[in-house]
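Chemist: Before I ask anything, let me first share the structure, which is written out below as structure tokens.
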Ligand SMILES: Cc1ncc(C[n+]2csc(CCOP(=O)(O)OP(=O)(O)O)c2C)c(N)n1
Ligand SMILES: Cc1ncc(C[n+]2csc(CCOP(=O)(O)OP(=O)(O)O)c2C)c(N)n1
Ligand code: SF4
Ligand code: SF4
Ligand SMILES: [Mg+2]
Ligand SMILES: [Mg+2]
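Right, here's the structure in full:
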């Protein structure tokens with residue numbers, strides 16, 4: 001049996017009080033709840049404060065480029081369908097830096113993959129510029145008159161795109177969050193958990209208190225399989241921010257296209273030399 | 001007064017019967033309807049069959065990189081707010097090749113900009129690979145088992161994102177299409193016209209006949225300012241494909257952030273040397 | 001030596017000229033002939049002016065010719081455009097409507113032979129008659145190709161072929177293009193393969209153990225992937241069309257990290273987008289093969305033409321410093337062998353490896369002896385988890401710079417890879433000493449690459465005129481040299497099929513010994529010559545460059561050698 | 001010469017050490033002192049070990065020192081880490097809780113002086129006392145900085161400064177760091193500017209006529225843009241945070257096409273993503289300035305450290321062949337002047353121009369004489385629409401390769417730009433002859449760039465030891481040379497503030513004449529030395545490289561020169 005201890009304890013480079021700590025703990029709990037041993041898990045991250053999280057966990061890690069966690073995660077999953085692959089990064093990394101393009105493409109594909117977005121609504125590591133999810137009007141050094149563009153709502157776009165699992169969590173609600181992450185990992189398909197995360201150093205608008213005031217759990221009645229209802233809930237993002245599984249559906253898995261993946265990791269499959277010899281004859 | 005003749009006549013490199021011809025004609029009509037002279041218009045394109053369109057029109061043209069028409073268009077508009085800037089390209093260019101990321105970012109910004117997407121649901125120029133909008137199951141040389149991913153619905157995503165003008169047209173309905181394009185050009189804000197375009201060479205699924213059978217004009221009652229209704233209509237894309245202005249709203253223009261843009265083209269503004277001399281003193 | 005025959009089929013995209021060309025090629029190869037087929041096409045789907053050229057005769061050939069002996073004109077424009085290239089003895093097969101008033105013109109009443117969509121088949125049959133190919137041989141080629149895809153069309157094709165043959169027998173003028181049996185040099189009992197460069201690359205990759213390829217379509221690289229997709233299921237490969245080239249390279253790196261020998265294939269602008277990913281592969285020490293099929297730049301440039309203009313870019317692409325290897329095949333055979341080698345090399349060195357080719361090589365086809373698979377060991381990714389020192393450290397510092405590479409999930413060891421500078425465990429570190437050690441470790445792997453450098457190939461004389469070239473220019477350069485040698489001159493060729501790393505001891509003395517060294521490159525600035533100077537101090541003072549979008553030919557080279565000699569006096 | 005003083009303030013991110021450093025710097029500069037301030041920091045927001053170093057004395061200085069005279073330790077780790085660097089006479093200002101048992105240690109009871117968040121101000125006051133700065137001078141600096149942003153905090157700051165001063169007066173040990181008046185070399189009536197490299201770049205860009213900048217945040221380039229944003233409204237500039245670097249470069253090109261002198265600023269990975277855009281700028285002949293602030297790679301590397309590792313990448317970035325210029329400032333002054341020049345050059349040549357800097361130069365500050373704006377003519381984009389030949393053709397073929405550049409919408413002429421190969425009108429073309437002409441036209445512009453090359457600067461002796469360097473290494477190299485000269489040796493330095501194009505006639509003879517040529521580069525492989533060999537055939541056989549993430553210092557160079565001389569014998 002896997003325990004929290006198996007996932008180790010590390011010193012972090014995060015600011016004291018940062019929402020990242022809550023997310024890290026929730027993730028560990030979720031992995032334990034899913035009964036996954038560290039070596040079965042591959043964490044794929046981009047670059048940012050959030051993207052350091054996989055270094056603070058005992059697991060396989062691929063810490064790639066800023067904005068490019070998803071393609072790397074997809075590549076790894078297509079090479080070894082036995083791995084539990086979790087892409088974990090910040091809002092800047094997943095929804096900015098071209099990441100958005102990969103985000104939409106990932107949702108369209110629907111591999112068995114979990115996406116954890118530490119959504120602090122700011123670029124933390126680079127010291128506080130607006131991110132795609134920054135609240136309109138947020139003043140930063142690079143947005144002295146306040147962020148102008150309307151914020152990206154990843155949950156609404158994901159539901160619109162027909163993503164197969166869309167949830168929103170909050171770093172300050174550990175139990176619920178770890179439940180959402182566990183459900184996402186167990187879900188067969190691409191699962192997004194967008195996680196509201198206070199950044200105590202740079203986001204002075206969306207603080208713990210702010211989230212406490214704005215976040216509410218979805219009511220029991222919410223039926224995540226009802227797309228229309230889900231879409232309505234997903235568009236709610238202002239005075240009230242709903243938390244929970246917003247949408248869930250079954251869609252064919254991308255991996256199923258590839259017969260060869262039913263035979264396990266590609267690294268373990270022999271090159272069929274005989275077949276190659278034969279198929280070359282087609283060119284004669 | 002500007003006439004169709006002012007916009008010239010060119011030999012094209014398109015296949016006979018291609019939907020691009022209809023779009024080109026509709027565009028010319030719309031420009032005339034908007035009473036724009038060629039030199040007031042800047043067409044910005046990426047790369048693809050669709051992206052050749054600006055070469056078949058007398059206007060200013062910036063024909064940039066595959067996937068990157070929108071940033072170039074935005075840059076040009078921010079340099080000269082007196083230009084009518086129209087980004088015109090294919091579905092692969094605007095919704096694939098990282099273009100999607102720029103697409104979402106453009107919608108979030110809301111500059112006064114028109115986006116014309118020749119949506120033939122295939123990569124034409126590179127000979128028939130699936131595009132982000134390809135119908136599921138479409139068999140191509142690179143998708144021998146059929147396109148797997150669920151198609152991108154640009155209209156639905158744009159409405160979800162709160163884009164300020166979202167319309168769908170059809171290359172086979174010239175009058176309606178030119179009306180939509182004219183409305184898009186006149187709209188103050190980023191306007192998307194996603195244009196259903198038959199590709200006679202590579203798209204054997206979505207043919208003129210197919211569109212004839214599937215497309216229908218939005219009923220008179222449709223209120224494009226009603227976001228909820230718009231979203232419902234936008235998600236309709238299957239047996240029935242609605243044409244018309246699906247959503248329209250007023251949002252602040254991105255350009256208004258920059259006081260200097262109220263003074264006209266940047267190229268015509270003097271460098272304020274006196275001010276520079278003074279502000280250097282702040283470092284003393 | 002009997003003169004070879006250069007056939008050129010010209011017309012619009014969509015007129016089926018590639019089909020004729022391929023069928024004719026197949027038939028000729030099966031009949032034991034030597035051929036060389038190459039293409040030019042426009043960046044459009046219909047219309048424009050495309051050509052399919054085929055050389056037939058006592059080859060083997062490795063380049064097209066500029067002059068034309070048989071012109072098959074599917075439209076009037078073709079006659080106009082290629083008239084200046086016609087040899088004195090040339091035949092022109094063209095519709096009666098636009099056949100020129102020239103001695104060799106054969107005005108064909110295509111309308112009488114069959115419906116317009118089959119005129120290409122008619123032209124094929126006419127060509128067959130001209131060349132003296134047996135009806136059966138040509139029809140079998142049609143059957144083999146069409147039979148699989150559209151059997152229902154076989155009959156009408158057969159009919160028009162018959163009719164055309166008969167017309168030809170009755171109307172063909174005197175000519176000397178019937179292939180004498182003597183020209184069938186190859187042993188026709190051994191089935192040769194008719195392959196173009198991109199097909200050979202795909203087969204080489206499969207033989208080398210490829211398991212994963214991600215791509216975004218881009219001419220002229222796409223056909224490598226098309227070929228892979230055809231065989232993916234049989235060979236157990238996963239091929240994925242990515243949302244862009246950035247995704248493609250990052251997917252390939254993710255897949256390689258997780259144990260799949262992986263590659264990407266792209267061209268100019270697509271490669272530019274991959275530069276950051278290349279740097280990631282280097283930093284994480286993940287093997288990945290990048291096939292770059294060059295076309296003329298900058299930017300979109302000429303998407304369907306050829307150039308060797310990206311050598312320096314590929315050599316330096318990616319920020320930061322790290323070792324790499326660049327292979328540049330000069331022939332169809334090398335496309336196969338070097339691709340397999342490249343896959344092995346990237347795994348062996350845990351460093352990025354490149355295959356640098358171009359539209360000319362990609363699209364030109366030649367018959368080759370079936371490849372020997374026994375000499376090629378498919379890549380076995382990763383090290384044995386039983387044999388690594390524990391605790392396992394992905395970036396353990398070792399004398400040769402190679403650290404044990406385990407694959408995540410395939411043992412209980414944890415594998416941690418990082419794009420930041422990192423410690424031996426793969427966790428990010430900002431320690432100055434560690435930084436120095438890790439830089440040294442990565443650069444040390446250049447030595448491993450140097451151990452396996454393919455030496456340049458010298459052919460002919462060493463001390464008179466030496467033509468230096470790389471990659472796809474090999475064929476035309478060798479042909480020009482052979483012609484000069486026939487004229488009694490002493491000529492050598494030195495061809496690099498690996499352009500990085502360079503080992504001066506393998507070639508510097510040759511450069512120094514020759515009387516006249518001429519660099520031949522399909523670019524405007526002589527990038528390889530600059531690289532030679534950078535690495536050896538030796539200046540290749542005389543260059544022949546071509547950058548109009550077309551490949552070198554022997555004719556082009558001979559002309560340039562002549563004029564340049566005149567210009568530079570008799571030094 | 002009185003020895004200068006090296007102060008190092010160390011602590012965690014978030015402890016406010018940069019604030020102290022900047023305030024002290026401001027006060028010293030206003031007092032007419034020479035200083036040199038530099039920083040090291042971790043890629044994190046809180047914690048880690050950061051330092052702010054300041055040299056004070058009879059400068060001017062252009063490099064930090066490795067040894068430390070006054071250590072201000074805001075935490076215990078700082079004492080441990082920097083102990084080995086302390087000079088014999090060193091003072092250590094540290095909290096009583098962790099002050100070491102060393103002769104120069106000053107154990108400060110910070111707790112008694114004020115609340116923890118103001119301890120940095122306390123340390124500042126103590127430093128002031130040590131250096132003999134007047135209370136007023138220091139307080140004015142605090143006022144000038146804090147007064148604008150948080151006037152409500154002024155009082156408590158003043159209070160703790162007072163208290164700390166008093167404590168210092170009572171407890172300071174004997175020391176010799178009081179700045180004698182004689183060291184105030186600069187004319188304190190002339191207000192000098194305290195600027196770091198990135199600030200100077202921003203001011204240079206504004207002076208040069210910049211109107212548009214797009215960026216995506218990336219250390220160490222971001223602060224260039226922060227500076228621009230501060231002045232954007234006043235200067236009538238549009239600065240836009242793009243969704244990624246690809247968008248940034250394409251926006252800048254779009255803006256430049258439409259008439260705004262434009263730049264982007266980025267670093268390693270961000271620049272890699274721009275490579276395709278660079279090629280687009282070249283093909284469309286759109287002027288654009290790219291500022292590349294280097295940091296150690298590959299991949300994410302060490303985001304907050306320094307390196308000169310991207311020269312070759314910047315030189316070759318972008319597919320296809322085209323001319324470019326690369327300027328590499330060696331000082332704060334050059335950051336200003338060369339940025340303005342670069343903007344002019346890109347407009348003049350309609351070709352991409354680069355400014356290559358690095359974290360060291362970006363983050364190090366020095367007082368400079370206010371820049372003379374009269375010598376700089378801001379760029380006037382585009383040509384006069386009244387004066388172009390009609391019909392207007394954007395890519396008209398001309399002898400010097402420059403075509404008339406009109407701006408769309410500013411006249412009735414239509415401007416058509418194309419990333420494909422194109423005709424003179426800007427419409428795509430696949431004509432072979434046109435292709436050749438357009439390639440020649442674009443490459444021809446290299447001659448224009450060559451006419452305006454900034455020659456390398458020679459200082460000192462020419463024929464003995466010659467230290468060759470480029471970009472940011474200038475300061476430390478000059479300092480090392482000065483020290484050697486003081487020791488009676490003959491030493492020269494040759495610094496390139498333009499690294500491309502290179503004109504051998506400007507420097508080759510110097511290299512050939514010197515007895516011992518040593519290349520100094522902040523990278524592991526000697527990229528500039530390779531480039532020199534490529535361009536001249538001359539081999540710089542001896543190199544000093546640094547690639548641990550830290551900048552060169554005179555100490556480092558002297559040590560290496562010594563050991564390398566020993567290793568290579570007395571040649
Ligand atoms: C190509 C590239 N561009 C820019 C950067 C600089 N960069 C690193 S992290 C980051 C933003 C991080 O924001 P986010 O992903 O939201 O993470 P956070 O730090 O807020 O957790 C940026 C811009 C980079 N590493 N690579
Ligand atoms: C960076 C880059 N990658 C790939 C290409 C090749 N390419 C040119 S057009 C195109 C697709 C065009 O599809 P779309 O935008 O839908 O236009 P269409 O031809 O269908 O009108 C591709 C993949 C390119 N030019 N640049
Ligand atoms: S900067 Fe913000 S997100 Fe990053 S560690 Fe600090 S508090 Fe957390
Ligand atoms: S390929 Fe398709 S989209 Fe392109 S011109 Fe032909 S029909 Fe039109
Ligand atoms: Mg963030
Ligand atoms: Mg398309």
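Chains as they are written, first to last, in the numbering used here: chain A, 1 to 284; chain B, 1 to 284; chain C, 1 to 571; chain D, 1 to 571.
All residues carry an ideal CB built from backbone N, CA and C; glycine is no exception.
Flag residue 20/B as yes when its Cβ comes closer than 7 Å to any non-hydrogen atom of ligand 6, and as no otherwise.
Modeler: Checking the Cβ of residue 20/B against ligand 6 gives no.
Chemist: Using DSSP's beta-bridge definition, name the partner residues of residue 168/B.
Modeler: DSSP lists 194/B and 244/B as partners of residue 168/B.
Chemist: To which residues of the same chain is residue 241/A closer than 6 Å at the C-beta, ignoring the five residues directly before and after it?
Modeler: So the list reads 214 and 215, once near-sequence residues are dropped.
Chemist: Is DSSP giving residue 280/D helix, strand or coil here?
Modeler: It is helical.
Chemist: Who are residue 153/B's beta bridge partners in DSSP?
Modeler: Paired residue(s): none; residue 153/B is not in a bridge.
Chemist: Give the C-beta separation of residue 75/B and residue 246/D to the nearest angstrom, bearing in mind that I take them to be a contact with Cβ-Cβ under 8 Å.
Modeler: At roughly 12 Å, the Cβ-Cβ gap does not stay under 8 Å, so residue 75/B and residue 246/D are not in contact.
Chemist: Which runs of the beta strand (DSSP E) at least 3 residues long sit entirely within the region 53–135 of chain B? Give them in chain order.
Modeler: Runs of the beta strand (DSSP E) inside the region 53–135 of chain B: 60–63, 84–90 and 113–119.
Chemist: Residue 98/B versus chain A: which residues are under 7 Å apart at the beta carbon?
Modeler: Simply 98 and 101.
Chemist: If you draw a straight line from the C-alpha of residue 571/C to the C-alpha of residue 526/D, how long is it?
Modeler: Confidence is the limiting factor: at residue 571/C the pLDDT is only 46, short of 50, which leaves the residue's position unreliable, though a coordinate-based value still follows. Distance between the alpha carbons of residue 571/C and residue 526/D is about 36 Å.
Chemist: In terms of alpha-carbon separation, which member of 348/C, 178/C and 85/C lies closest to residue 256/C?
Modeler: Closest option to residue 256/C, Cα to Cα, is 348/C.
Chemist: I'd like the ranges of any beta strand (DSSP E) spanning at least 3 consecutive residues and lying wholly in the region 112–167 of chain D.
Modeler: Entirely contained in the region 112–167 of chain D, not one beta strand (DSSP E) run reaches 3 residues.
Chemist: Of the residues 77/A, 137/A and 46/A, which one's Cα is nearest the Cα of residue 95/A?
Modeler: Taking only the C-alpha atoms, the option nearest residue 95/A is 46/A.
Chemist: Kindly provide the ranges of any alpha helix (DSSP H) runs that are 4 or more residues long and lie completely inside the region 291–345 of chain D, ordered along the chain.
Modeler: As far as the region 291–345 of chain D is concerned, its whole alpha helix (DSSP H) runs of at least 4 residues are 311–316.
Chemist: May I ask whether a heavy atom of ligand 3 can be found less than 7 Å away from the beta carbon of residue 14/A?
Modeler: True, at least one ligand heavy atom lies under 7 Å from that Cβ.
Chemist: Per DSSP, what kind of secondary structure is residue 250/D in: helix, strand or coil?
Modeler: It is helical.
Chemist: Determine the direct distance from the alpha carbon of residue 60/D to that of residue 183/D, and round the result to whole angstroms.
Modeler: With a pLDDT of 49 at residue 183/D, under the threshold of 50, the modelled position of this residue cannot be trusted, and the question is left open.
Chemist: Shorter than 7 Å, the distance from the beta carbon of residue 244/D to the closest heavy atom of ligand 5, or not?
Modeler: No, since every heavy atom of ligand 5 falls outside the 7 Å radius drawn around the Cβ of residue 244/D.
Chemist: Does the separation of the CB atoms of residue 321/C and residue 317/D fall below 8 Å?
Modeler: Going by C-beta atoms, residue 321/C is not nearer than 8 Å to residue 317/D.
Chemist: Within 10 angstroms of the Cβ of residue 10/A, are there 16 or more other Cβ atoms? Answer buried if so, exposed if not.
Modeler: Classification for residue 10/A: exposed.
Chemist: Assuming residue 588/C is part of the alpha helix (DSSP H), what are its boundary residues?
Modeler: There is no way to answer for residue 588/C, as the model of chain C reaches only from 1 to 571.
Chemist: Name the one or two DSSP bridge partners that residue 54/D has.
Modeler: The partner list for residue 54/D (beta bridge, DSSP) reads 7/D and 37/D.
Chemist: Let's see if you can read the secondary structure: which residues bound the beta strand (DSSP E) around residue 385/C?
Modeler: Where residue 385/C is concerned, there is no enclosing beta strand (DSSP E), given that its DSSP letter is neither H nor E.
Chemist: Using a beta-carbon distance cut-off of less than 9 Å, what residues from the region 52–74 of chain B approach chain D?
Modeler: Listed by position, the residues of the region 52–74 of chain B near chain D (Cβ gap below 9 Å) are 52, 54, 55, 58, 59, 60, 61, 62, 63, 64, 65, 66, 67, 68, 69, 70, 71, 72, 73 and 74.
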